[in-house]
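Heads up: the structure comes next, in structure tokens.
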Amino acid sequence: KGAIVLVPEISLTPQTVRRFKGWFGEQVAVLHSGLSEGERYDAWRMVREGMRRIVIGARSAVFAPVPDLGLIVVDEEHETTYKQYDTSPRYNARDVAVVRMKMSKGVAILGSATPSLESYYNALKGKFVLVRLPERIRGRPLPEVEVVDMRKGRWPFSDLLLEKVRERLERREKVILLQNRRGYAAFVQCPDCGHVFRCPHCRVSLTYHAAGRNLVCHYCGFRKKVPSSCPNCGGVHLRPRGLGTERVEEALERWFPEAEVVRMDLDTTGRKGAHWRLLDRFWSEGDVLLGTQMVAKGLDYPEVTLVGVVSADVSLSLPDFRAGERTFQLLTQVAGRTGRGDLPGEVVIQTYSPKERAIRFAVNHDFEGYAEEELRERKALGYPPFKRLLLIRFRGKEEAEVREVAEMYGEALKSDRIEVLGPAEAPLGRLRGYFRWQVLLKGDHVSLHRAWAEADGRLRPEARRREVTVVPDMDPVGML
40 KGAIVLVPEI SLTPQTVRRF KGWFGEQVAV LHSGLSEGER YDAWRMVREG
90 MRRIVIGARS AVFAPVPDLG LIVVDEEHET TYKQYDTSPR YNARDVAVVR
140 MKMSKGVAIL GSATPSLESY YNALKGKFVL VRLPERIRGR PLPEVEVVDM
190 RKGRWPFSDL LLEKVRERLE RREKVILLQN RRGYAAFVQC PDCGHVFRCP
240 HCRVSLTYHA AGRNLVCHYC GFRKKVPSSC PNCGGVHLRP RGLGTERVEE
290 ALERWFPEAE VVRMDLDTTG RKGAHWRLLD RFWSEGDVLL GTQMVAKGLD
340 YPEVTLVGVV SADVSLSLPD FRAGERTFQL LTQVAGRTGR GDLPGEVVIQ
390 TYSPKERAIR FAVNHDFEGY AEEELRERKA LGYPPFKRLL LIRFRGKEEA
440 EVREVAEMYG EALKSDRIEV LGPAEAPLGR LRGYFRWQVL LKGDHVSLHR
490 AWAEADGRLR PEARRREVTV VPDMDPVGML
């Protein structure tokens with residue numbers, strides 16, 4: 040029989056391919072959107088003709104035409120990158136894998152140290168089989184975790200984290216630091232009048248990048264130089280606010296000038312192959328690997344004995360009911376990068392919210408305890424996995440038209456069988472020049488589909504006339 044192995048990001052494909060080719064040789068094919076059309080066609084043809092029986096790739100590989108398919112493995116099944124939400128067809132590769140194996144009478148394996156609560160709940164209810172791996176890789180103990188309350192600490196590094204990093208550098212051990220925000224600072228502000236520089240196309244602040252002194256929108260790509268004075272009051276004392284990877288790198292170089300720091304974020308990995316070149320550099324000569332969430336995924340370096348989370352609060356502040364779950368997953372995943380060899384590992388988590396549920400349970404590596412409390416709250420509020428969600432997004436150039444179409448749909452969708460939240464302006468109310476509104480529906484699958492089909496059948500012509508794009512997203516993975 041044939042098999043498909045899915046990884047959450049294209050950047051993780053090479054290491055998985057190396058492992059599988061070591062076991063199965065030329066039976067392995069690679070399929071993902073990062074290949075050229077010719078490369079994809081050749082791989083697809085060899086798979087279709089049975090010349091390659093194992094396919095490795097990102098989410099689109101779930102549709103690979105493997106003859107006599109008997110197994111699909113979804114590695115890190117909790118990752119949101121398995122959902123294609125920006126273009127049609129909108130699907131979650133994890134769910135496609137489960138359905139495809141059910142139809143083929145094969146096996147789907149959903150692997151994760153921090154499974155999504157939807158998958159975990161399905162296992163608790165007997166819909167999936169729950170297989171626990173009680174021991175860590177090579178039988179290594181879990182790392183010791185310490186939390187620093189930054190309301191009382193030094194910014195951006197606490198005394199404890201500085202001490203731990205210094206110890207590792209003296210012993211020639213390696214360190215991973217996570218700061219899940221790229222750039223130098225989250226925004227630039229005038230202290231005299233409070234003005235914040237914002238994107239003219241999106242309702243978001245511009246991120247400051249020290250290289251070139253640029254203000255950049257991470258959503259539409261707009262950029263401009265930092266002006267010499269405030270356009271609102273003329274003040275000349277403009278200040279960067281917040282903390283990005285560039286600013287952490289600067290602080291590291293100030294505290295540890297002899298250390299070799301490797302920064303890994305979207306700005307340093309944009310070119311083909313850059314991701315692996317940076318990791319090779321860290322492996323061969325680096326002391327500290329600093330980066331966004333990509334440093335939490337799939338790295339296996341036995342020499343890493345310390346992980347530091349510079350600011351655990353970044354993802355907690357997002358307007359999303361899964362913000363806590365994502366924070367717990369990220370902290371647990373990055374903590375797992377240390378202590379994988381003969382030497383024990385330690386983790387230092389810096390936070391302004393030490394009593395947050397996600398942080399409290401991550402400190403104790405207690406997934407089941409976290410899941411129990413989170414599921415209890417979700418049940419009370421009517422969120423997944425207890426109800427399905429349908430998020431309907433409205434987008435257009437004229438704000439009044441977008442709002443009115445959203446209001447028409449909101450009224451038409453009202454039903455005794457579903458709960459309608461909104462319409463309301465989206466958390467990102469303007470993006471790439473388009474105004475955005477949304478309606479969120481809660482209910483069972485059949486009722487949501489019926490309500491949507493009836494309302495859209497009546498109102499779609501009016502939405503088109505007003506040049507408003509209406510997009511339904513069943514089981515959304517993000518609320519922005």
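Just so we're on the same page, the numbering used here is the position in the sequence shown counted from 1, plus 39.
Note that beta-carbon positions come from the ideal geometry of N, C-alpha and C, so glycine has one too.
What you are looking at is a predicted structure, and each value in this text was computed from that prediction instead of being measured.
Exercise. So GLY461 packs on LEU479, CB below 8 Å; how close in whole Å?
Worked result: 6 Å
Exercise. Does the distance from the C-beta atom of ALA397 to that of THR366 stay below 8 Å?
Worked result: yes
For this session: Going by CA-CA distance only, name the one from ARG58, GLY73, ARG57 and PRO47 that's closest to ARG310.
Result: GLY73
For this session: Along the beta strand (DSSP E) that carries ASN253, what are the first and last residues, could you check?
Result: 253 to 255
For this session: Taking only the alpha-carbon atoms, compute the straight-line gap between PHE261 and ALA502 and give it to the nearest angstrom.
Result: 29 Å
Exercise. Under three-state DSSP, which class holds SER244?
Worked result: strand
Exercise. Nearest CA to the CA of PRO279: which residue from GLU297, GLN389, GLY109 and TYR247?
Worked result: TYR247
Exercise. Which whole-angstrom value describes the C-beta separation of GLU440 and GLU493, a residue pair presumed to lie in contact below a C-beta threshold of 8 Å?
Worked result: With 8 Å as the limit, GLU440 and GLU493 do not qualify as a contact, their Cβ atoms being about 22 Å apart.
Exercise. Rounded to a whole number of angstroms, what is the C-alpha to C-alpha distance between VAL227 and GLY61?
Worked result: 50 Å
Exercise. To which residues does DSSP link PRO279 through a beta bridge?
Worked result: VAL227
Problem set entry | Residue-chain proximity (MET90, chain D), Cβ-Cβ < 8 Å | You won't find chain D in this structure, because it holds only one protein chain.
Exercise. Run through DSSP, which three-state label would THR120 get?
Worked result: helix
Exercise. Which residue's Cα is closest to the Cα of TRP315: LYS40, ILE43 and THR52?
Worked result: THR52
Exercise. Given 8 Å as the limit, is there contact between the region 410 to 421 and the region 212 to 221, that is, 3 or more CB pairs closer than that?
Worked result: no
Exercise. What is the C-beta distance between THR344 and LEU382, in whole angstroms, given that I count them as a contact (C-beta under 8 Å)?
Worked result: 5 Å
Exercise. When the distance is taken between beta carbons, is GLY283 closer than 8 Å to GLY347?
Worked result: no
Exercise. Between which two residues does the beta strand (DSSP E) carrying ASP188 extend?
Worked result: 183 to 188
Exercise. What three-state label does DSSP hand ASP114 in the structure shown?
Worked result: strand
For this session: For the alpha helix (DSSP H) containing GLY408, list its first residue and its last residue.
Result: 406 to 420
For this session: List the endpoints of the continuous alpha helix (DSSP H) containing TYR448.
Result: 438 to 451
Problem set entry | Residue burial classification, PRO180 (beta-carbon count within 10 angstroms, cutoff 16) | exposed
For this session: Taking all protein chains shown into account, decide if TRP491 is buried (16 or more other Cβ within 10 angstroms of its Cβ) or exposed.
Result: buried
For this session: Go through its chain and collect everything with a Cβ distance to ASP231's Cβ below 7 Å, but skip five positions before and after it.
Result: CYS269, CYS272, GLY274 and HIS276
Exercise. Ends of the beta strand (DSSP E) at VAL138?
Worked result: Element bounds for VAL138: not the beta strand (DSSP E) but the alpha helix (DSSP H), 132 to 143.
Exercise. Among SER158, ALA152 and GLY165, which residue has its Cα nearest to the Cα of ASP134?
Worked result: SER158
For this session: For ASP512, name the three-state secondary structure that DSSP assigns.
Result: strand
For this session: Use the C-beta contact count for PRO358: other C-beta atoms within 10 angstroms, 16 or more gives buried, fewer gives exposed.
Result: exposed
Exercise. Around the C-beta of ILE176, are 16 or more other C-beta atoms found within 10 angstroms, so that it is buried, or is it exposed?
Worked result: exposed
Exercise. When burial is assigned at 16 or more other CB atoms within 10 Å of the CB, is PRO106 buried or exposed?
Worked result: exposed
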